[in-house]
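**Q** Next up is a structure, given as structure tokens.
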């Protein structure tokens with residue numbers, strides 16, 4: 066079933082500083098191929114980010130953090146309007162994470178630390194920033210959290226063999242193609258046995274595992290563009306929404322509906338307000354600027370009135386309610 070993609074919004078807002086960066090990209094925005102002297106972590110606070118390297122495509126929805134080591138050529142592509150956060154790691158911490166591109170499941174603490182490290186104090190002269198010692202402590206906490214999380218592969222390996230590349234092109238063009246490996250083999254002139262061996266030896270997975278990863282990748286893109294679970298299921302080749310939900314939950318860790326609701330709620334709050342709550346449960350809202358920075362005067366007013374301004378954890382409470 067063909068699915069119409071929503072046209073991307075125009076406009077890119079970017080801020081970079083020595084220890085990291087933040088970009089607000091419209092859907093479809095793509096960076097140039099680049100590499101950095103230091104390795105970096107990248108997180109999509111909203112939308113879905115794809116990190117492409119010579120080893121394949123890492124998929125970074127809102128519950129994953131991607132790591133790209135120093136001097137690894139890569140480029141990024143946004144799916145859905147995407148709020149990208151980047152943190153560079155010094156060599157002393159980079160040696161504690163893998164020496165290859167990796168994807169980690171995001172703990173609540175890791176997410177909050179990463180958001181704090183990439184907040185408006187880095188690019189807004191009116192906001193007070195962290196001291197060097199405080200930033201170093203936060204970076205260590207972030208790396209410790211990733212070490213505890215271990216790798217959570219959400220990667221689509223890039224085939225090098227010409228025959229596998231031909232199959233990859235067919236299925237990327239039409240993820241809903243349900244041709245068996247034998248049928249695809251006939252199209253490209255290769256036996257099932259040969260192709261099966263190549264998937265194992267080159268990509269480290271079976272053909273059906275690889276195709277499922279490809280379909281989940283496309284599903285994340287469609288969900289980020291606002292398509293519902295049923296549309297996405299059929300567009301990506303599942304026979305029914307139930308089987309799609311099962312596969313999606315197994316790989317992503319939550320259902321498509323919950324993932325989409327949480328992502329849209331989080332994105333909306335990022336664009337709209339930060340919430341403060343009193344001890345008796347009263348709620349107050351503080352408008353945010355175009356880059357998610359809260360109005361400092363109103364934040365201080367909430368603090369003066371004894372409200373806890375939840376500028377890091379408020380979005381979880383909001384989506385949970």
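In our numbering, the protein residues as written are 66 to 386. Think of the CB as a built atom: it goes at the ideal place given N, C-alpha and C, for glycine as much as any other residue.
Report buried or exposed for residue 97, applying the criterion of at least 16 other Cβ atoms within 10 angstroms of its Cβ.
**A** exposed
**Q** Roughly how far, in whole angstroms, is the beta-carbon of residue 314 from the beta-carbon of residue 306, given that I think they are within contact range, below 8 Å?
**A** Not a contact, Cβ separation roughly 12 Å.
**Q** For residue 107, which three-state DSSP category applies?
**A** strand
**Q** Can you check which of these residues, 325, 104, 257, is closest to residue 232 by C-alpha distance?
**A** 257
**Q** What three-state label does DSSP hand residue 99 in the structure shown?
**A** strand
**Q** Given that a residue counts as buried once 16 or more other Cβ atoms are within 10 Å of its Cβ, and exposed if not, what is residue 94?
**A** It is buried - the Cβ of residue 94 has at least 16 other Cβ atoms within 10 Å.
**Q** Going by DSSP in three states, residue 126 sits in which element: helix, strand or coil?
**A** Reduced to three states, the DSSP call for residue 126 is coil.
**Q** Below 8 Å on the Cβ atoms is my contact criterion, and I expect residue 126 with residue 109 to pass it. Report the Cβ-Cβ distance as a whole number of Å.
**A** 7 Å
**Q** Quick check on the DSSP output: the beta strand (DSSP E) that includes residue 241 runs from which residue to which?
**A** Neither: residue 241 is in no beta strand (DSSP E) and is coded neither H nor E.
**Q** Which whole-angstrom value describes the C-beta separation of residue 80 and residue 195, a residue pair presumed to lie in contact below a C-beta threshold of 8 Å?
**A** That pair is no contact at about 16 Å.
**Q** Decide if residue 220 is buried, meaning its Cβ has at least 16 other Cβ atoms within 10 Å, or exposed.
**A** buried
**Q** Relative to the C-alpha of residue 176, which candidate in 131, 141, 90 has its C-alpha closest?
**A** 131
**Q** Is the Cβ-Cβ distance between residue 105 and residue 151 less than 8 Å?
**A** yes
**Q** Give me the Cα-Cα distance between residue 114 and residue 282, rounded to the nearest whole angstrom.
**A** 10 Å
**Q** Buried or exposed, going by whether 16 or more other CB atoms sit within 10 Å of the CB of residue 165?
**A** exposed
**Q** Taking C-beta to C-beta, are residue 129 and residue 191 nearer than 8 Å?
**A** no
**Q** Do residue 229 and residue 263 have their C-beta atoms within less than 8 Å of each other?
**A** yes
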